[in-house]
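Using my numbering, you'd call the opening residue of the sequence shown number 13 and step up by one each time. Heads up, the beta-carbon is just placed ideally off N, CA and C, and yes, glycines get one too. Let me begin by presenting the structure, written as structure tokens, before commenting on it.
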Amino acid sequence: MEAHAQPAAPQLPGLDAPYWPERFERYYRQQGAWTGETLDACIARHAGHTPERIALTDGERSLTYAELHSRCNQLADGFTRLGLRPGDRIVVQLPNVLEFIETTFALFRLGVVPVFALPTDRRNEITHIVQASKAVAYLIKDHALGFDYREIARELQTLPDAIRHVIVLGEAAEFTPYASLYGRDLPVPATDSRAPALITLSGGSTAMPKLILRRHDDYLYSIRVSASICQLSPQSVYLCVLPAGHNFTLSSPGFIGTLLAGGRVVMQADPSGSACFASIAREGVTFTALVPSLAQAWLHAPRQHDLSSLRFLQVGGARLSDEVAARLSESFDFTLQQVYGMSEGLVCYTDLKGDLDQLLHTQGRPMSPLDEILVVDDDDLPVAVGQPGHLLVRGPYTIRGYLDAPQQNARAFTADGFYRTGDVVCLREDGYLVVTGRHKDQVNRGGEKIAAEEIEGHLLAHPGVLEAAVIGIPDPHLGERTCAVLVVAPGQGCDTATLKAHLQARGVAAQRIPDQFQWLPSLPKTTLGKTDKKVLRQQFAA
Ligand code: AMP
Ligand code: DBH
Numbered sequence: 013m014e015a016h017a018q019p020a021a022p023q024l025p026g027l028d029a030p031y032w033p034e035r036f037e038r039y040y041r042q043q044g045a046w047t048g049e050t051l052d053a054c055i056a057r058h059a060g061h062t063p064e065r066i067a068l069t070d071g072e073r074s075l076t077y078a079e080l081h082s083r084c085n086q087l088a089d090g091f092t093r094l095g096l097r098p099g100d101r102i103v104v105q106l107p108n109v110l111e112f113i114e115t116t117f118a119l120f121r122l123g124v125v126p127v128f129a130l131p132t133d134r135r136n137e138i139t140h141i142v143q144a145s146k147a148v149a150y151l152i153k154d155h156a157l158g159f160d161y162r163e164i165a166r167e168l169q170t171l172p173d174a175i176r177h178v179i180v181l182g183e184a185a186e187f188t189p190y191a192s193l194y195g196r197d198l199p200v201p202a203t204d205s206r207a208p209a210l211i212t213l214s215g216g217s218t219a220m221p222k223l224i225l226r227r228h229d230d231y232l233y234s235i236r237v238s239a240s241i242c243q244l245s246p247q248s249v250y251l252c253v254l255p256a257g258h259n260f261t262l263s264s265p266g267f268i269g270t271l272l273a274g275g276r277v278v279m280q281a282d283p284s285g286s287a288c289f290a291s292i293a294r295e296g297v298t299f300t301a302l303v304p305s306l307a308q309a310w311l312h313a314p315r316q317h318d319l320s321s322l323r324f325l326q327v328g329g330a331r332l333s334d335e336v337a338a339r340l341s342e343s344f345d346f347t348l349q350q351v352y353g354m355s356e357g358l359v360c361y362t363d364l365k366g367d368l369d370q371l372l373h374t375q376g377r378p379m380s381p382l383d384e385i386l387v388v389d390d391d392d393l394p395v396a397v398g399q400p401g402h403l404l405v406r407g408p409y410t411i412r413g414y415l416d417a418p419q420q421n422a423r424a425f426t427a428d429g430f431y432r433t434g435d436v437v438c439l440r441e442d443g444y445l446v447v448t449g450r451h452k453d454q455v456n457r458g459g460e461k462i463a464a465e466e467i468e469g470h471l472l473a474h475p476g477v478l479e480a481a482v483i484g485i486p487d488p489h490l491g492e493r494t495c496a497v498l499v500v501a502p503g504q505g506c507d508t509a510t511l512k513a514h515l516q517a518r519g520v521a522a523q524r525i526p527d528q529f530q531w532l533p534s535l536p537k538t539t540l541g542k543t544d545k546k547v548l549r550q551q552f553a554a
């Protein structure tokens with residue numbers, strides 16, 4: 013044992029969290045990638061240097077860096093008084109409001125781990141997320157977009173391992189009011205940079221989303237590199253349009269990257285083109301991030317506002333077609349940036365000053381020289397440059413395994429720690445990647461990843477459904493729409509309306525309910541006897 017050996021890195025009580033082997037940890041530190049700083053340190057730093065600078069706004073309310081810093085301390089005091097301790101998990105399900113950001117940084121500071129659910133998640137998803145993460149608290153807004161989140165909270169409380177605290181922003185009813193959290197503005201003891209920082213959810217190719225744990229060191233590295241590639245500075249103004257709890261909006265470089273650079277974040281509740289255009293003009297927004305379907309909607313939105321402050325537009329989350337990329341780049345003055353990323357880690361960017369070919373025809377290149385990329389065939393053997401193959405990746409910000417999921421990890425990671433992305437890509441001579449397909453069995457509906465198996469399970473729960481296969485079908489607006497192909501028992505009335513009502517009654521969120529239903533006398537099968545979705549896709553794509 014070395015004399016100066018550090019104490020063991022903090023763990024997550026009750027969950028098995030795979031981490032990098034020590035040799036990699038040492039290497040990433042030696043290379044200067046992992047610095048020992050925590051994600052919240054930037055707030056205290058900017059509050060010290062530029063206390064009066066605006067950090068956040070939603071158009072009506074704003075917070076300076078000094079106010080944000082002090083609110084983080086006050087909230088940390090409130091969470092502590094509730095009984096939350098470092099390593100505890102809290103499921104955070106908030107729309108894009110200021111409180112999202114102050115809560116996130118307060119939790120980082122305290123070492124309580126936010127588990128970011130998306131506003132569209134409903135009872136099913138939240139129950140799974142709460143149980144899988146063994147969360148002790150649930151933080152929601154009373155209602156948003158016509159939905160009352162307190163209904164989910166009430167249902168959670170009927171479960172055997174009920175969460176201890178429900179905190180509500182807005183009308184709290186029988187729960188803890190968010191406003192009551194603000195306590196004393198006391199300094200919070202520093203957190204270990206190796207401590208768990210946050211949990212996001214994988215799009216999920218199997219039954220339910222898997223938990224992705226990120227720690228301060230690795231997450232901060234990905235954000236720092238992203239902010240540098242995007243040339244962020246204190247003059248940067250980020251419009252946060254996509255749900256703030258997604259990895260893209262958190263970290264690529266997202267709102268955390270913007271605050272790291274000392275810039276300003278504008279929280280945008282309404283993602284429509286006209287509402288975003290108004291915010292861009294009003295706030296002097298310099299960049300934002302969209303999924304392809306939203307970017308396409310921008311092309312058709314009326315332009316009554318001055319968008320000249322916008323330097324670049326990031327598009328990612330799903331494949332941007334070359335045609336739409338060209339149209340975006342022709343019809344606006346700003347630069348387009350393609351972003352190909354995953355909550356598990358790897359993020360690729362096209363250069364802001366790169367050539368048009370890379371910009372319009374590739375999904376960018378891995379952001380770090382420490383990213384190790386392999387493109388392989390079905391036997392894990394490398395394919396020739398330019399040939400399509402499965403993308404495997406390992407690096408200083410790509411996880412080594414999902415939380416508490418040894419069986420899935422054996423499939424999703426190679427023996428030497430590469431993550432099997434499930435994406436089929438071509439690696440070009442110039443080092444840029446073109447995403448050509450997906451091996452994983454999920455539908456990417458406008459950036460929302462829907463696990464086929466999950467929806468199939470719900471469909472099969474209906475007594476009249478004998479076989480079910482959920483597939484993605486190319487769609488000009490969403491990228492893919494969801495199609496359920498079914499074999500049903502005669503006389504059970506399994507029509508579209510019945511099945512939609514069935515899924516809804518089971519708590520499946522509206523956007524996860526198939527857009528289209530098809531009926532067949534039997535499903536095509538592979539030699540192994542599994543449903544052959546390739547055949548189905550071909551059949552219904554037409
Ligand atoms: P998630 O599991 O929700 O983090 O989704 C990550 C997946 O989204 C990737 O593995 C890709 O399949 C897909 N994806 C993200 N960005 C892009 C992009 N720019 N082009 C194509 N696919 C993308
Ligand atoms: O789709 C994604 O998960 C994604 C896309 C762009 C992502 O996680 C990211 C950038 O960081």
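With respect to the C-alpha of leucine 27, the residue from Ser145, Thr50, Ile102, Val125 having the closest C-alpha is Ser145.
For glutamate 37, the secondary structure class from DSSP, reduced to helix, strand or coil, is helix. Using a cutoff of 7 angstroms, the CB of leucine 332 counts as near the ligand AMP, since one of the ligand's heavy atoms is closer than that. Between alanine 239 and the set Ser263, Gly458, Asp229, Thr92, the nearest pair of CA atoms involves Ser263. For proline 126, the enclosing beta strand (DSSP E) stretches over residues 125-128. Taking C-beta atoms as the reference points, arginine 206 and phenylalanine 187 fail to come closer than 8 angstroms.
Setting aside the 5 residues that flank it on each side, alanine 202 is surrounded in the same chain by Thr50, each with a C-beta closer than 8 angstroms to its C-beta; the list follows chain order. In this structure, Arg518 is the residue among Phe430, Glu72, Ala281, Arg518 with its C-alpha nearest to the C-alpha of glutamate 466. Environment of the ligand DBH, chain-ordered: Asn259, Phe260, Ser264, Gly328, Gly329, Val351, Gly353, Met354, Ser355, Val359, taking every residue with Cβ within less than 5 angstroms of a heavy atom.
In the three-state DSSP reduction, leucine 225 falls in the strand class (E or B). Closest option to arginine 276, judged by alpha-carbon separation, among Gly285, Leu75, Asp487: Leu75.
By the neighbour-count criterion, in which 16 or more other beta carbons inside 10 Å mark a residue as buried, proline 126 falls on the buried side. Asparagine 456 has its CB nearer than 7 angstroms to a heavy atom of the ligand AMP.
When secondary structure is reduced to three states using DSSP, tyrosine 233 falls in the helix class. Comparing alpha carbon positions, the residue from Arg339, Ala422, Gln399 closest to tyrosine 444 is Gln399. A straight line joining the alpha-carbon of phenylalanine 112 with that of valine 297 spans about 19 angstroms.
Not one heavy atom of the ligand AMP sits closer than 7 angstroms to the Cβ of aspartate 363. In the DSSP assignment, tyrosine 431 forms a beta bridge with Val405, Phe425. Taking every protein chain shown into account, the CB of valine 397 has fewer than 16 other CB atoms within 10 angstroms, so this residue is exposed.
DSSP lists no bridge partner for glutamate 186.
In the DSSP assignment, valine 388 falls within the beta strand (DSSP E) that extends over 384-388. Only buried fits tryptophan 46, as 16 or more other CB atoms lie within 10 angstroms of its CB.
DSSP places asparagine 259 in the uninterrupted alpha helix (DSSP H) bounded by 259-263.
Counting along the chain, the unbroken beta strand (DSSP E) around aspartate 487 starts and ends at 477-487. If you compare the alpha carbons of Gly434, Ala464, Leu415, Cys506 with that of arginine 226, the shortest gap goes to Leu415. For lysine 222, the number of other beta carbons within 10 angstroms of its own is at least 16, and it is reported as buried. Within the same chain, and ignoring the five residues on either side of glutamine 370 in sequence, the residues whose Cβ sits closer than 6 angstroms to its Cβ are Thr362, Tyr444.
In the DSSP assignment, glutamine 86 falls within the alpha helix (DSSP H) that extends over 77-94.
The C-alpha of proline 394 is placed about 43 angstroms away from the C-alpha of arginine 135. Residue burial is scored here from C-beta neighbours: histidine 81 has at least 16 other C-beta atoms within 10 angstroms and is therefore classed as buried. Ranked by Cα distance from threonine 132, the first of Ile175, Lys461, Gly357, Lys546 is Lys461. Annotation for valine 142: the continuous alpha helix (DSSP H) segment containing it runs 135-145.
Of the residues Gln516, Ser291, Tyr409, the one whose Cα lies closest to the Cα of alanine 281 is Ser291.
Distance from the CA of alanine 513 to the CA of proline 475, rounded to the nearest whole angstrom, comes to 14 angstroms. Taken atom to atom, the span from the alpha-carbon of glycine 60 to that of phenylalanine 36 is near 34 angstroms. Taking the Cβ atoms as the reference, glutamate 64 lies roughly 7 angstroms from alanine 78, within the contact range of under 8 angstroms.
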